[in-house]
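Chemist: Add 34 to a position in the sequence shown, counting from 1, and you land on the number used in my numbering.
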Amino acid sequence: MAIIDISLGIKPGFPVWPGHPVIRFTSIQQIGKDSKANVTQIELGAHSGTHLDAPLHFLKDGFDVTAIDLEILVGSALLIDVANAEVIDADLLDTLSIPKGTERLLIKTTNSQLWSENEIVFHKDFVAIEDSGARWIVEHGIRLVGVDYLSVAPYGNTGPTHYTLLRAGIVPVEGLNFDGVQEGRYHLICLPIKLEGCEGAPARAVLIDVDK
Ligand SMILES: [Zn+2]
35 MAIIDISLGI KPGFPVWPGH PVIRFTSIQQ IGKDSKANVT QIELGAHSGT
85 HLDAPLHFLK DGFDVTAIDL EILVGSALLI DVANAEVIDA DLLDTLSIPK
135 GTERLLIKTT NSQLWSENEI VFHKDFVAIE DSGARWIVEH GIRLVGVDYL
185 SVAPYGNTGP THYTLLRAGI VPVEGLNFDG VQEGRYHLIC LPIKLEGCEG
235 APARAVLIDV DK
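Structure below.
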């Protein structure tokens with residue numbers, strides 16, 4: 035059984051959404067210096083690195099990240115590679131022959147290359163899902179959609195895609211890294227930190243290649 039880590043490493047200096055907190059790790063106890071143990075204080079936004087959005091992110095009365103149904107976050111997932119796509123819209127999704135009954139859809143784009151290049155700059159021109167694509171996802175019964183940049187929605191127009199997905203109870207997983215991962219069917223495990231009352235949370239996401 036091969037386990038493939040599709041999470042980004044969270045570290046200081048890592049790109050964050052403009053206006054979100056900068057990631058900081060501060061050593062507050064160090065072995066030998068003043069303590070028997072190492073202890074780090076971490077500062078980060080809920081949408082740092084690989085993370086999930088809960089409905090509360092865009093919906094005033096939406097539920098928080100701890101209320102997301104765990105059954106959505108674990109199970110069979112389809113990874114599709116759309117290397118030539120500049121946007122993910124309904125027309126593109128129509129051409130991909132995504133089998134009926136697909137519940138978890140992971141979309142690999144050229145964004146993944148940015149992570150392999152160890153990119154430290156925030157890119158505004160990342161490949162994202164437009165609202166027509168989000169509506170396609172709702173209409174086709176998908177329950178989780180994973181993307182390889184820090185938002186499912188295009189920069190400068192984040193509302194429509196998030197509203198469409200979150201109102202329908204679809205879980206967006208953002209900031210995945212599919213670099214070096216082949217398209218195909220996998221078993222996904224993607225569990226967010228249990229941050230009570232938060233509208234999102236970092237997650238460790240892995241794919242299990244059931245054929246290996
Ligand atoms: Zn987010």
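Heads up, the beta-carbon is just placed ideally off N, CA and C, and yes, glycines get one too.
Do you know how far the Cα of Ile223 is from the Cα of Ser146?
Modeler: In the sequence shown, counting from the first residue as 1, residue 146 sits at position 112. In the sequence shown, counting from the first residue as 1, residue 223 sits at position 189. In a straight line, the C-alpha of Ser146 is about 19 angstroms away from that of Ile223.
Chemist: If you count every other CB in all the chains shown that lies within 10 Å of the CB of Asp95, and 16 or more means buried, which is it?
Modeler: On the sequence shown, position 61 is the one that residue 95 refers to. That one is exposed.
Chemist: Could you give the distance in angstroms between the alpha-carbon of Leu241 and the alpha-carbon of Lys45?
Modeler: Translated into the one-based positions of the sequence shown, residue 241 becomes position 207. Translated into the one-based positions of the sequence shown, residue 45 becomes position 11. Rounded to whole angstroms, Leu241 to Lys45 spans 22 angstroms at the Cα level.
Chemist: Residues in its own chain within less than 8 angstroms of Ile102 by CB, not counting five upstream and five downstream?
Modeler: If you number the sequence shown from 1, residue 102 lands on position 68. Answer for Ile102: Leu86, Ala88, Val205 and Pro226, listed in chain order.
Chemist: Take Gly255 and list the residues in its own chain whose beta-carbon comes closer than 6 angstroms to its own, dropping the five residues that flank it on each side.
Modeler: There is no way to answer for residue 255, as the model of the chain reaches only from 35 to 246.
Chemist: Three Cβ pairs or more, each shorter than 8 angstroms: is that satisfied between the region 140 to 154 and the region 113 to 123?
Modeler: yes
Chemist: Between the C-alpha atoms of Val244 and His54, what's the straight-line distance to the nearest angstrom?
Modeler: Taking the sequence shown and counting its residues from 1, one reaches residue 244 at position 210. Taking the sequence shown and counting its residues from 1, one reaches residue 54 at position 20. Roughly 37 angstroms separates the two Cα atoms.
Chemist: Buried or exposed, going by whether 16 or more other CB atoms sit within 10 Å of the CB of Ala111?
Modeler: Working through the sequence shown from its first residue, we reach residue 111 at position 77. When all chains shown are included, Ala111 counts as buried.
Chemist: Under a Cβ-count criterion, where at least 16 other Cβ atoms within 10 Å of its own Cβ denotes burial, should Asn211 be classed as buried or exposed?
Modeler: Working through the sequence shown from its first residue, we reach residue 211 at position 177. Answer is buried; the Cβ neighbour count reaches 16.
Chemist: Since I believe Glu230 is in contact with Ala80 (beta carbons under 8 angstroms), could you give me their beta-carbon distance rounded to a whole number of angstroms?
Modeler: Here the question's residue 80 lines up with position 46 in the sequence shown. Here the question's residue 230 lines up with position 196 in the sequence shown. With a Cβ gap of about 12 angstroms, Ala80 and Glu230 do not count as contacting.
Chemist: Does the separation of the CB atoms of Glu137 and Arg177 fall below 8 angstroms?
Modeler: Within the sequence shown, the letter at position 103 stands for residue 137. Within the sequence shown, the letter at position 143 stands for residue 177. Yes, these two residues count as a Cβ contact at 8 angstroms.
Chemist: Is Asp39 helix, strand or coil by DSSP?
Modeler: Translated into positions along the sequence shown, residue 39 becomes position 5. Of the three classes helix, strand and coil, the one that applies to Asp39 here is strand, per DSSP.
Chemist: Does any heavy atom of ligand 1 sit closer than 7 angstroms to the C-beta of Asp87?
Modeler: Numbered from 1 along the sequence shown, position 53 holds the residue referred to as residue 87. Yes, the beta carbon of Asp87 sits closer than 7 angstroms to at least one heavy atom of ligand 1.
Chemist: Contact check, Phe92 vs Tyr189 under 8 angstroms by CB: the rounded distance?
Modeler: Taking the first residue of the sequence shown as 1, we reach residue 92 at position 58. Taking the first residue of the sequence shown as 1, we reach residue 189 at position 155. Actually they do not touch by this definition, with Cβ atoms about 16 angstroms apart.
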